[in-house]
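Visitor: Pasting a structure below so you can have a look.
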Amino acid sequence: MDGRIPRRSFVRGLALTAGLGAVGVGSASAYPFGIDPLRPFVFSSPPLQPFREQLPPLPVLGGSAVEVHASSTTHVFHPDLPASPALGYGGMDYLGPTIEAHVGERTSLTYRNDIASNPLAADVDTRIHGVTEQDRTQVPTSLHLHGGRTPPEFDGHPEDIMRPGQGMVHEFPNRQEACALWYHDHAMGVTRLNIYAGLAGMYLLRDEYDTGQRDNPLGLPSGEFELSLVLQDKNFTDDGRQSVRSNPLNPQGSWEAATPGDIGVVNGKVWPEMPVARGLYRLRMVNAASFSVWNLFFENRMRFWVIGAEGGLLDAPVATDHVRLGPGERVDLLVDFGALAPGTTMELRNDEPIPEQVAQRGVQIMPRFCRFRIGTAAGFTGGVPETLRGGSRGLAVLPPVAPPSVVRTVSVLQLAQGLGQPSPLMSLNNLRYTSDDIEMPRQGTVEQWNIVNVTPEPHPIHLHLVTFRVIGRQAIDTNALMQAVPVPAVGMRWTPSADPFAVGPVQAPQVWESGFKDTVIADANSITRIIVRFPTADELGFDPDATFGMSGGDMSGHHHGASAHPLQGYVWHCHMLDHEDHDMMLRYRLVP
Ligand SMILES: [Cu+2]
Numbered sequence: 061m062d063g064r065i066p067r068r069s070f071v072r073g074l075a076l077t078a079g080l081g082a083v084g085v086g087s088a089s090a091y092p093f094g095i096d097p098l099r100p101f102v103f104s105s106p107p108l109q110p111f112r113e114q115l116p117p118l119p120v121l122g123g124s125a126v127e128v129h130a131s132s133t134t135h136v137f138h139p140d141l142p143a144s145p146a147l148g149y150g151g152m153d154y155l156g157p158t159i160e161a162h163v164g165e166r167t168s169l170t171y172r173n174d175i176a177s178n179p180l181a182a183d184v185d186t187r188i189h190g191v192t193e194q195d196r197t198q199v200p201t202s203l204h205l206h207g208g209r210t211p212p213e214f215d216g217h218p219e220d221i222m223r224p225g226q227g228m229v230h231e232f233p234n235r236q237e238a239c240a241l242w243y244h245d246h247a248m249g250v251t252r253l254n255i256y257a258g259l260a261g262m263y264l265l266r267d268e269y270d271t272g273q274r275d276n277p278l279g280l281p282s283g284e285f286e287l288s289l290v291l292q293d294k295n296f297t298d299d300g301r302q303s304v305r306s307n308p309l310n311p312q313g314s315w316e317a318a319t320p321g322d323i324g325v326v327n328g329k330v331w332p333e334m335p336v337a338r339g340l341y342r343l344r345m346v347n348a349a350s351f352s353v354w355n356l357f358f359e360n361r362m363r364f365w366v367i368g369a370e371g372g373l374l375d376a377p378v379a380t381d382h383v384r385l386g387p388g389e390r391v392d393l394l395v396d397f398g399a400l401a402p403g404t405t406m407e408l409r410n411d412e413p414i415p416e417q418v419a420q421r422g423v424q425i426m427p428r429f430c431r432f433r434i435g436t437a438a439g440f441t442g443g444v445p446e447t448l449r450g451g452s453r454g455l456a457v458l459p460p461v462a463p464p465s466v467v468r469t470v471s472v473l474q475l476a477q478g479l480g481q482p483s484p485l486m487s488l489n490n491l492r493y494t495s496d497d498i499e500m501p502r503q504g505t506v507e508q509w510n511i512v513n514v515t516p517e518p519h520p521i522h523l524h525l526v527t528f529r530v531i532g533r534q535a536i537d538t539n540a541l542m543q544a545v546p547v548p549a550v551g552m553r554w555t556p557s558a559d560p561f562a563v564g565p566v567q568a569p570q571v572w573e574s575g576f577k578d579t580v581i582a583d584a585n586s587i588t589r590i591i592v593r594f595p596t597a598d599e600l601g602f603d604p605d606a607t608f609g610m611s612g613g614d615m616s617g618h619h620h621g622a623s624a625h626p627l628q629g630y631v632w633h634c635h636m637l638d639h640e641d642h643d644m645m646l647r648y649r650l651v652p
């Protein structure tokens, strides 16, 4: 009974979910935590006092060779909560160290899966493609450098998994511009569990301009005035465990399409406070959430400056009083705490509306992440730079968006599934991950991708290997499109042009989207148009279409190769972790 969920009948999907849940409501003990009688369709974390702990800085790992093993740990998210089972990279008990690399200098990252026990074993859903009972105890992992121009065999392909005791050396060429990347797990069907448990870290790429040093020629705040912020939202049980569950009607172990949290976590701490000096700070943020899109702002609505997008710096700082960030997206900001009186505090807040089909369950906006406490000390004394690119001694200005030679329509859908299947199926192009009907752009080609989202919520779409420019968004009449071109059974490509069904003016990209990006929010009932230049093998310095994954071996080889068939190419997917696991992810090849 595969079929589409039309835009206005999401209530039917909810009813289906509720019906499934009712089957499992036999034992009350199945729902051990936080069900508010007034909001029975959402788990509530125990009340936690904000700002109890300071924002922990993330340790930095530099050099040409780093070792980042994954291990099982326990982590204290809040002083009033007991320690929670978690995962960490590089000896940390949650998240991983910030890796600092230099443009043009290779980083060898030795990875090994040392995970002794799975903190979210009960949440593994074996009905999802590629997931087996073994995954509960022998946690599959795959380390991906998000935004990296990485050879395919080192990219952390979701099927190229490392079980406990296995590992590999990832060679990252760092042949791209200075920017903030992040590394995280990408294992098939359990990415949402592994990242949520803690497998994520920042990766800062420096160059001769953005050196990260005091004397950097761009005049940017550095050292203690440059902060990496890994933003997440979470739910906690009464006994302090981090929980991926959001909907009490969904039995544990049953995949959920939307898992917003009611607690803000930054660098692994609940609603922390950061003492700051009176001056300019550079904040490098990543949305590392499973599901939530955030509209971030400071509580006094003060203006700040965006200086970079995912792929590097903008031409010049742009002033704004808010920035919207979907899962996977990063933003590079300058914030001036110098104008605020010593002793005052300033919260980093969120007011992104909850998508309607999630809000119907009673899910409320998670209102804040952290706060800054302004001290008396003078901070960074330089001002906001006039420009970041251009001039005789800097990076070239951003090139104009290149005209495309190929226009490709891709689609983002949510499909009802039959009883016994995790529902809905989240899909790209009406296909499942296993489909061979994949995109195969040619190396050296400029393509326009029209991302047609016919669901009632935004989805952040991420392409591995490449960066792109956003050229705009346009609302569509989804019902008219789906009536004109009905969605066939899942497994049959559905990628009609939505241009005839556009109903509004083209919306320009947001100011923070003006640079090179690798993840873009495809808004509900909209076309999001991006321009991607697919690089050549020469430009990359490696063959992006090489096969890999069959070499076998363990730590003795550079690659262990656990897959049952040769792998080739990369993936593109929704970066809502719940969605990429089931099944909003497709392979793609970059062909000669
Ligand atoms: Cu999605």
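Numbers 61 to 652, taken from our numbering, label the letters of the sequence shown in order.
We put the beta carbon where it would ideally sit given N, CA and C, even for glycine.
Can you name, in chain order, every residue of its own chain whose Cβ lies under 8 Å from the Cβ of residue 505, other than the five neighbours on each side?
Guide: Taken in chain order, the residues that qualify are 465, 466, 593, 594.
Visitor: Check for me: the alpha helix (DSSP H) holding residue 600 runs from which residue to which?
Guide: 597-600 is the span of the alpha helix (DSSP H), which, as asked, contains residue 600.
Visitor: Please classify residue 109: does DSSP put it in a helix, a strand, or coil?
Guide: Note: residue 109 maps to coil in three-state DSSP.
Visitor: In this structure, how does DSSP classify residue 546 when only helix, strand and coil are distinguished?
Guide: Coil, per DSSP.
Visitor: Would residue 293 be called buried (16 or more neighbouring beta carbons within 10 Å of its own) or exposed?
Guide: With 16 or more other Cβ atoms within 10 Å, it is buried.
Visitor: By the three-class DSSP mapping on this structure, what secondary structure does residue 632 have?
Guide: Correct three-state label for residue 632: strand.
Visitor: Quick check: what's the CA-CA separation for residue 120 versus residue 229?
Guide: Between residue 120 and residue 229, the C-alpha separation is close to 19 Å.
Visitor: Taking DSSP's pairing of strands, which residues face residue 231 in a bridge?
Guide: Its beta-bridge partners are 168.
Visitor: Going by alpha carbons, who is nearest to residue 511 out of 587, 101, 343?
Guide: The candidate whose alpha carbon is nearest that of residue 511 is 587.
Visitor: Among the residues of its own chain, which have a CB less than 6 Å from the CB of residue 571, if the five just before and after it don't count?
Guide: Same-chain partners within the cutoff: 378, 380.
Visitor: Which residue marks the beginning of the beta strand (DSSP E) containing residue 593, and which one marks its end?
Guide: Per DSSP, residue 593 belongs to the beta strand (DSSP E) from 586-593.
Visitor: Could you tell me which whole alpha helix (DSSP H) segments of length 4 or greater appear in the stretch 409-457?
Guide: Runs found: 416-419.
Visitor: Cβ-heavy atom distance between residue 645 and ligand 1 below 7 Å?
Guide: Every heavy atom of ligand 1 is 7 Å or more from the Cβ of residue 645, so no.
Visitor: Below 6 Å CB to CB, which residues in the same chain sit around residue 541 once its five sequence neighbours on both sides are set aside?
Guide: Answer for residue 541: 558, 561, listed in chain order.
Visitor: Could you tell me whether the stretch 255-266 touches the stretch 436-449, where touching means 3 or more Cβ pairs closer than 8 Å?
Guide: At 8 Å Cβ cutoff, the stretches do not touch.
Visitor: Cβ-heavy atom distance between residue 21 and ligand 1 below 7 Å?
Guide: Residue 21 lies beyond the range of the chain shown here (61 to 652); nothing can be said about it.
Visitor: Within 10 Å of its beta-carbon, does residue 487 have 16 or more other beta-carbons around it, so buried, or fewer, so exposed?
Guide: By the 10 Å Cβ count, residue 487 comes out buried.
Visitor: Go to residue 469, then tell me how far its beta strand (DSSP E) extends in each direction, as first and last residue.
Guide: It spans 466-476 - the beta strand (DSSP E) in which residue 469 sits, taken as one unbroken run.
Visitor: Could you say which of 424, 535, 412, 374 lies nearest to residue 459 if we only look at CA atoms?
Guide: Answer by Cα proximity: 374.
Visitor: Going along the chain, which unbroken runs of the alpha helix (DSSP H) with 4 or more residues stay wholly within the stretch 505-587?
Guide: Here the runs fully enclosed are 538-544.
Visitor: Give the secondary structure of residue 215 by DSSP, where H, G and I count as helix, E and B as strand, and everything else as coil.
Guide: Coil at residue 215, not helix or strand.
Visitor: Hey, out of 216, 552, 204, whose CA is closest to residue 475's CA?
Guide: Per the Cα distances, 552.
Visitor: Have a look at residue 638 and residue 451 and give me their C-alpha separation to the nearest angstrom.
Guide: Roughly 44 Å separates the two Cα atoms.
Visitor: So what's residue 284 in DSSP terms, helix, strand or just coil?
Guide: It is helical.
Visitor: Quick check on DSSP: helix, strand or coil for residue 400?
Guide: The answer is coil: DSSP assigns residue 400 none of H, G, I, E or B.
Visitor: Note down, one range per segment and in chain order, each beta strand (DSSP E) of at least 3 residues found wholly within the stretch 121-183.
Guide: Segments of the beta strand (DSSP E) lying fully in the stretch 121-183: 125-135, 144-149, 158-162, 167-174.
Visitor: Buried or exposed for residue 306, going by 16 or more other Cβ atoms inside 10 Å?
Guide: So residue 306 ends up on the buried side.
Visitor: In the DSSP assignment, what are the bridge partners of residue 260?
Guide: BP columns for residue 260 point to 244.
Visitor: How about residue 308 and residue 95: are their beta carbons less than 8 Å apart?
Guide: In contact: residue 308 and residue 95 (Cβ atoms closer than 8 Å).
Visitor: For residue 625, name the three-state secondary structure that DSSP assigns.
Guide: Reduced to three states, the DSSP call for residue 625 is coil.
Visitor: Can you tell me the Cα-Cα spacing of residue 634 and residue 244, whole angstroms?
Guide: Those two C-alpha atoms are separated by around 15 Å.
Visitor: So which of 157, 161, 191, 201 has the shortest CA-CA distance to residue 176?
Guide: Residue 176 has its Cα closest to that of 201, out of 157, 161, 191, 201.
Visitor: Would you say the stretch 596-605 touches the stretch 202-214, given that touching needs at least three Cβ pairs under 8 Å?
Guide: The stretch 596-605, when compared against the stretch 202-214, does touch it at the 8 Å Cβ threshold.
Visitor: From this set, 260, 144, 203, 193, which residue's C-alpha is nearest residue 118's C-alpha?
Guide: For the residues 260, 144, 203, 193, the minimum Cα distance to residue 118 belongs to 260.
Visitor: Among 225, 641, 650, whose alpha-carbon lies nearest the alpha-carbon of residue 628?
Guide: That would be 650, whose Cα lies nearest to the Cα of residue 628.
Visitor: Is it buried or exposed, residue 471, if we count other Cβ atoms within 10 angstroms and call 16 or more buried?
Guide: The residue is buried, with at least 16 neighbouring Cβ atoms inside 10 Å.
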